[in-house]
Amino acid sequence: MITRKRLAAGVCGLLAAMTVALLPTPALAAGEPDADSSPKVELTLDVSGSMRARDIDGQSRMAAAKQAFNEVLDAVPDDVRLGIRTLGATYRGEDRKVGCKDTRQLYPVGPLNRTEAKTAVATLTPTGWTPIGPALLGAADDLKGGDASRRIVLITDGEDTCAPLDPCQVARDIAAKGIHLTVDTLGLLPDAKTRNQLSCIAEATGGTYTSVEHTKQLRDRVHQLVDRAAHPVATPVATEGAADCAGAPKLKPGLYSDREKFAEHRWYRVDVRPGQELRASVSVAADRAVNNDYGVLLRASTVHGREIVRGSEAGNGRTDVISSGLRYPKAPSAGADEDAPAAETVCLQVSNSFSAPPSVKTDPGLPVELTVDLVDGPSDASDAAFFGLGHGWWLLITLALSGLVAGLLWGWISRWRVTVWRTN
Numbered sequence: 016m017i018t019r020k021r022l023a024a025g026v027c028g029l030l031a032a033m034t035v036a037l038l039p040t041p042a043l044a045a046g047e048p049d050a051d052s053s054p055k056v057e058l059t060l061d062v063s064g065s066m067r068a069r070d071i072d073g074q075s076r077m078a079a080a081k082q083a084f085n086e087v088l089d090a091v092p093d094d095v096r097l098g099i100r101t102l103g104a105t106y107r108g109e110d111r112k113v114g115c116k117d118t119r120q121l122y123p124v125g126p127l128n129r130t131e132a133k134t135a136v137a138t139l140t141p142t143g144w145t146p147i148g149p150a151l152l153g154a155a156d157d158l159k160g161g162d163a164s165r166r167i168v169l170i171t172d173g174e175d176t177c178a179p180l181d182p183c184q185v186a187r188d189i190a191a192k193g194i195h196l197t198v199d200t201l202g203l204l205p206d207a208k209t210r211n212q213l214s215c216i217a218e219a220t221g222g223t224y225t226s227v228e229h230t231k232q233l234r235d236r237v238h239q240l241v242d243r244a245a246h247p248v249a250t251p252v253a254t255e256g257a258a259d260c261a262g263a264p265k266l267k268p269g270l271y272s273d274r275e276k277f278a279e280h281r282w283y284r285v286d287v288r289p290g291q292e293l294r295a296s297v298s299v300a301a302d303r304a305v306n307n308d309y310g311v312l313l314r315a316s317t318v319h320g321r322e323i324v325r326g327s328e329a330g331n332g333r334t335d336v337i338s339s340g341l342r343y344p345k346a347p348s349a350g351a352d353e354d355a356p357a358a359e360t361v362c363l364q365v366s367n368s369f370s371a372p373p374s375v376k377t378d379p380g381l382p383v384e385l386t387v388d389l390v391d392g393p394s395d396a397s398d399a400a401f402f403g404l405g406h407g408w409w410l411l412i413t414l415a416l417s418g419l420v421a422g423l424l425w426g427w428i429s430r431w432r433v434t435v436w437r438t439n
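If you use the numbering used here, the sequence shown corresponds to residues 16 to 439, in order.
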């Protein structure tokens, strides 16, 4: 009898353990996002001595930043992993070598404890130097890992004081790694040099620059950028074009990013099946000072080198980005193997005619964003692509025929009018 009771108790205990094991964990049951798929943001704040200046709404720049931070921290979305990094917050001395290493993570990137984060911000006192370059490197390291969007929000009132480490070049190097980390910059009452430097940092990574003069403006902009990280747009897939079509990567429909040297040609391949239309576009960003007169070419050709269609765009003066695109409809197959028609390999060539002044570094190359889409080919005769218009010889032939018919018609009408005039 005792043995049976022990056996029954053991069975019940085993069933209970299995039930508990099968239940979802509290984090998952509560719907908490996975850390690897959660967007990450690091607020990087300048705490150098110049932040003592009292010229923002009657208070110091540091007080305005603290007030804005407290209000932003209250509104951070639950799925955002947020951290805080400072630069120039601890070293008060005059040793430049030491001051240019003065950057540290004030609050680690992770689930936000608002009370702890506000307490950490409240302890900050304007102190030392402005090592923007080292701070960007540290922030990039803080945000590494995961496949979600990542943003650095840099807030400073002055330019970097730790040359020759150029923060603009640091931003280009970060962007060239293909980790899709965006740096947004905010300048507190900036002068021209600070404005130019912060604009360069933002442009190098696809971020934005904002000039700030009021506390509310600072709060609203930081909140907007944090919220943007929680609702990101499509993230491009890093790829690397080849020097010729034979060695080019084969792309599927999607958004891709690459780096192209000044005046370089890069190749990619796309398979287009009968009845499909290839739609491709490319954008090349000028993330540094460039010479006037530039252009971008997107060209589609066969594997044997025959051009199918091209799109090009050119300009002069100041630009941030220049784009072009093309369409190539492939006629439906009329053969017996319509169930599995053979695909045509289309070679896409991306070229640019940018050049830079001798003082501008050309490495790494310019940011390239390539969009590839395959849709059902046009079946409506009103669509110019249905006839293949807009590319190759079809456009020239159509224009020539139209001119011939118009000329014959006008000649016939003219002769008829002369005949009538003579008769009368």
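Ideal Cβ positions, reconstructed from N, Cα and C, are used throughout, including at glycine.
Residue i - DSSP class collapsed to helix/strand/coil
i: K55; result: strand
i: L240; result: helix
i: S370; result: coil
i: A300; result: strand
i: T413; result: helix
i: T134; result: helix
i: R107; result: coil
i: E359; result: strand
i: L121; result: strand
i: L88; result: helix
i: L180; result: coil
i: R437; result: helix
i: V185; result: helix
i: L169; result: strand
i: V2; result: Past the boundaries of the shown model lies residue 2; the chain is included only from 16 to 439, so the question cannot be answered.
i: I147; result: helix
According to DSSP, residues forming a beta bridge with residue i
i: R314; result: R325 and Q364
i: L203; result: V227
i: D61; result: L102
i: G269; result: V387
i: W282; result: A257 and Q364
i: A342; result: The question names Ala, yet the displayed sequence has Arg at residue 342. Paired residue(s): R294.
i: R210; result: Beta-bridge pairing links R210 to no other residue.
i: L381; result: E275
i: I337; result: V299
i: R96; result: K55
Own chain, CB closer than 6 Å to residue i, minus 5 neighbours either side, in chain order
i: R129; result: L88
i: Y343; result: L293, A315, I323 and V324
i: T220; result: A186, A190, T197 and V198
i: Y122; result: G98, I99, A132 and A135
i: N85; result: K133
i: P233; result: What sits at residue 233 in the sequence shown is Leu, not Pro. Excluding positions up to five away in sequence, the list reads A83 and V227.
i: A253; result: G193 and S272
i: V383; result: D273, E275 and V299
Burial state of residue i, where buried means 16 or more other Cβ atoms lie within 10 Å
i: V318; result: exposed
i: Q291; result: buried
i: V311; result: buried
i: L423; result: exposed
i: E109; result: exposed
i: T40; result: Only weak support is given to the placement of T40: the predicted model assigns it a pLDDT of 40, under 50, and the question is left unresolved by the model.
i: K192; result: exposed
i: L416; result: exposed
i: L43; result: With a pLDDT of only 37 at L43, under the threshold of 50, the placement of this residue in the model should not be trusted; the figure read from the coordinates follows. Flag for L43 reads exposed.
i: K345; result: buried
i: V425; result: Checking the sequence shown, residue 425 turns out to be Trp, not Val. Classification of W425: exposed, given that the 10 Å Cβ count is below 16.
i: W431; result: exposed
i: R107; result: exposed
i: R333; result: exposed
i: T140; result: exposed
i: V168; result: buried
Distance between residue j and residue i (C-alpha atoms, nearest Å)
i: D199; j: R321; result: 43 Å
i: E279; j: D70; result: 48 Å
i: E275; j: L240; result: 28 Å
i: T386; j: Q74; result: 47 Å
i: S366; j: R284; result: 15 Å
i: A298; j: W282; result: According to the sequence displayed, residue 298 carries Ser and not Ala. Approximately 15 Å between the Cα atoms of the pair.
i: L175; j: D388; result: Correcting the residue identity first, residue 175 is Asp in this sequence and not Leu. If you take the alpha carbons of D175 and D388, they lie about 42 Å apart.
i: V375; j: D206; result: 22 Å
i: S348; j: A371; result: 47 Å
i: T10; j: D72; result: Here the chain comprises residues numbered 16 to 439, so residue 10 is not present and cannot be evaluated.
i: M77; j: R236; result: 17 Å
i: G148; j: A217; result: 13 Å
i: P256; j: G262; result: It is Gly, not Pro, that sits at residue 256 in the sequence shown. Approximately 9 Å, taken between the alpha carbons.
i: R288; j: P264; result: 18 Å
i: A249; j: T209; result: 31 Å
i: Q184; j: T118; result: 18 Å
i: N306; j: L213; result: 21 Å
i: T225; j: G418; result: 54 Å
i: V124; j: K81; result: 19 Å
Same chain only: Cβ atoms within 7 Å of residue i, ignoring 5 sequence neighbours per side
i: C260; result: W282, R284, V318 and C362
i: A68; result: S75 and R76
Close Cβ partners of residue i (< 8 Å) along its chain, the five nearest in sequence each way excluded
i: V95; result: S53, P54, K55, V56, L127, V241, A244 and A245
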